[in-house]
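Here's the structure we're looking at; comments come further down.
Protein chains in written order, with our numbering: chain A, 48 to 276; chain B, 61 to 505.
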């Protein structure tokens, strides 16, 4: 039923409950024992997704997730299975998975989540877009538009806007923005961030300049705070 | 990082259907030079640069090996906002290299890069914000005096404020080209305007000033108006300056700021100012490079004449603006002699070198000159140890010629070429017999 090929399942051997659910739902899957193993067995089209059971050797499982995330080629959508005690570990690892499921969940829930995460991320020809109130960033073509009009940005302006727009509502300090967008090796200091924010606001125009808000003595936030109504 | 930038540029050219990419660079006198390539050549240009004959550019020429390489700086790639949609154009600033990939010593942008590298070795990033003044005139005819827009009836037929419209359109264009504007206003003189830019690092700012001058002229020309950065186009009213606000940052700390000082100025700031003051005469030929520049630097028109500093005395060479409390990053100094006809790369290079010399050698800052210096006679000024800026291009060239500081900052090639070129300009000027002389002497002598 899945056109995207095989789902990588970790660890080897996988939990028997998971195997049953995968088989019943008709997924083609392959158990892998490490990131290297996953790379070895990967088809040219890449993995359709990955399901990682973290309730065993958690450290090894998380580092497996991390290795998948750091790959150069397309990152497969990733579902992690955790015990309820591991819920507290998730916020720190939010960048390592697309969805999670508690191991004690009903088989139907696990199947639904599996379908959801794999379907959502199934590769197709739609470009990857970041959208916010009329602002559209096309991550494949590097193009930005606002209200349908192209927004011509320099490379660093684009990278900064992309990072902010991908994390709406979150407040970032200048230092974090500098390290995440420019990289640690950049010399200029956090003032560079202010310069670029000012340039972006100018280009967004008066009407949209408030997309990037200054959070006094902290840093910047893109879009509305998640805590305001 | 570089690969991504390169991809970004190539992809944008494709997606935005850019038809022409303009490679921009600057000659020694600060004129913007450009040659266009087709998008198909861009990838090659980004990788290997574009060869061209440097002998066609003022100050680039050498007798042999005149070929040089223009290497686009992908960070400066930008779609030009004045395309009509059917033919999109983009620009990218270039660094000029020798064919063996070493920096070309005749390239002002490379000169500034080298000087900024020296600042970086001392732990500093150099931030600059200029206040740029200029005039709008009716398109000039040869031999005719300039005609301001808001006098002389050039716009008799229009009822709206044409200059205001021009300025608004200019600012909009600047902002779409990554040049944020801080303030803009009509200046004191007829048809004179000022646009103040937000601070950036010095290299970006030098690029921005080049773009700024083009944008101001382009927008004006579109409306049949001539914009000029000539330092003193009208006798009897104030000329056009380009005051520059400077600060040095050490990482995220403003190295000019000291909470405990009366002026909130750190020792670094004071040493830097002392360096600017001590070497002011030597760098003036670069910051004020035309015969006409020295007609601005006269008493009575808010232009500096004396080599002095003060907090709120606009007759001095350096002003220390009072900043809002609790805003250390705004602490800065304002260097007031440069005019907008200078080469921004070279001007920033020499003032930085002068300031850093003061920091490196711990120059002591002279006392603040808060009195009105224009009201003092020479002996009173001499008692205070206050000298004047060079009074003519000839004087400033003499001061520059003796300066190893300027020679080191500019490099042998540009130093020699500039002196030679500007001495010729002075010689040509000296032979000119002016209206002033006819009026004063023809009948009486």
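We put the CB at the ideal spot given by N, CA and C, even for glycine.
Fair warning: this is a prediction, and the values are worked out from it, not measured in the lab.
So, are the CB atoms of residue 176 of chain B and residue 412 of chain B less than 9 angstroms apart?
-> yes
Same chain, Cβ closer than 8 angstroms to residue 65 of chain A, neighbours up to 5 away in sequence not counted | Sequence-distant partners of residue 65 of chain A (beyond 5 residues in either direction) whose C-beta falls short of 8 angstroms from its own C-beta, in its chain, are 56, 98, 100, 128, 157.
For residue 82 of chain B, which residues does DSSP report across the bridge?
-> Residue pairing of residue 82 of chain B in beta bridges, as defined by DSSP: B:96, B:151.
Can you list, in chain order, the residues of the stretch 234-251 of chain A whose Cβ is nearer than 7 angstroms to any Cβ on chain B?
-> Those residues of the stretch 234-251 of chain A that come within reach of chain B (Cβ to Cβ, closer than 7 angstroms) are 234, 235, 236, 237, 238, 242, 245, 246, 249, 250.
Check the DSSP bridge columns for residue 163 of chain A and list the partner residues they point to.
-> Secondary-structure assignment with DSSP links residue 163 of chain A through no beta bridge to anything.
Answer with yes or no whether the minimum CB distance from residue 202 of chain A to chain B is below 9 angstroms.
-> yes
Got a sec: is the Cβ-Cβ distance from residue 188 of chain A to anything in chain B below 9 angstroms?
-> So yes, residue 188 of chain A belongs to the interface.
Where residue 129 of chain A falls: helix, strand or coil (DSSP) | Secondary structure of residue 129 of chain A (DSSP, three-state): strand.
DSSP beta-bridge partners for residue 192 of chain B?
-> B:255, B:302
Can you tell me whether residue 314 of chain B is buried or exposed, with buried defined as 16 or more other CB within 10 angstroms of its CB?
-> buried
CB contact flag (residue 148 of chain B, residue 79 of chain B, <9 angstroms) = yes
At a Cβ threshold of 9 angstroms, is residue 81 of chain B touching chain A?
-> It does not: the Cβ of residue 81 of chain B has no partner Cβ on chain A nearer than 9 angstroms.
Checking contacts by CB at 9 angstroms: is residue 346 of chain B closer than that to chain A?
-> no
From residue 475 of chain B to residue 467 of chain B, what does the alpha carbon distance come to, in whole angstroms?
-> 6 angstroms
Among the residues of its own chain, which have a CB less than 7 angstroms from the CB of residue 263 of chain B, if the five just before and after it don't count?
-> 172, 173, 176
Helix, strand or coil at residue 257 of chain A [DSSP, three-state] | helix
Would you call residue 134 of chain B buried or exposed, if buried means 16 or more other Cβ atoms sit within 10 Å of its Cβ?
-> buried
Do you know how far the Cα of residue 267 of chain A is from the Cα of residue 387 of chain B?
-> Residue 387 of chain B and residue 267 of chain A: Cα-Cα distance of roughly 18 angstroms.
Using a C-beta to C-beta distance shorter than 7 angstroms, which residues of chain B count as neighbours of residue 197 of chain A?
-> Within chain B, 76 have C-beta atoms less than 7 angstroms from the C-beta of residue 197 of chain A, given in sequence order.
Any C-beta of chain B under 9 angstroms from that of residue 277 of chain A | Nothing about residue 277 of chain A can be read from this structure; chain A reaches only from 48 to 276.
Whose C-alpha, out of B:87, B:364, B:355, is nearest the C-alpha of residue 118 of chain B?
-> B:87
Just the chain B side, please: which residues come within less than 8 angstroms of residue 179 of chain A by C-beta, in chain order?
-> Ordered by position in chain B, no residue passes the 8 angstroms Cβ test against residue 179 of chain A, which lies about 20 angstroms from the chain.
What three-state label does DSSP hand residue 314 of chain B in the structure shown?
-> DSSP, read as helix, strand or coil, puts residue 314 of chain B in strand.
Tell me the start and end of each unbroken alpha helix (DSSP H) in the stretch 82-106 of chain A that is at least 4 residues and wholly inside, in chain order.
-> 82-88
Span of the alpha helix (DSSP H) around residue 175 of chain B | 168-181
Enumerate in chain order the residues of its own chain whose CB-to-CB distance from residue 128 of chain B is below 6 angstroms, with the five nearest sequence positions on each side excluded.
-> Leaving aside the five residues that flank residue 128 of chain B on each side, the residues in its chain whose CB is nearer than 6 angstroms to its CB run, in chain order, 114, 156, 164.
Please decide whether residue 493 of chain B counts as near chain A, where near means a Cβ-Cβ distance under 9 angstroms.
-> no
Neighbouring residues, chain B, relative to residue 267 of chain A (Cβ below 8 angstroms) | Contacts between residue 267 of chain A and chain B, judged by CB atoms closer than 8 angstroms, are missing: the closest CB pair is about 15 angstroms apart.
Taking the DSSP output, what are the residues bridged to residue 198 of chain A?
-> A:191
Between the C-alpha atoms of residue 486 of chain B and residue 254 of chain A, what's the straight-line distance to the nearest angstrom?
-> Distance between the alpha carbons of residue 486 of chain B and residue 254 of chain A is about 52 angstroms.
Looking only at C-alpha atoms, which of A:52, A:154, A:176 sits nearest to residue 89 of chain A?
-> Per the Cα distances, A:52.
Contacts that residue 134 of chain B makes with chain A (C-beta to C-beta distance below 7 angstroms) = 202
Under a CB-based cut-off of 9 angstroms, is residue 240 of chain B close to chain A?
-> yes
How is the beta strand (DSSP E) around residue 286 of chain B delimited, first residue to last?
-> Secondary structure note for residue 286 of chain B: its beta strand (DSSP E) is the uninterrupted segment 286-288.
Interface partners of residue 391 of chain B on chain A, CB under 9 angstroms | Simply none; closest approach about 13 angstroms.
Alpha-carbon to alpha-carbon, residue 298 of chain B and residue 247 of chain B = 9 angstroms
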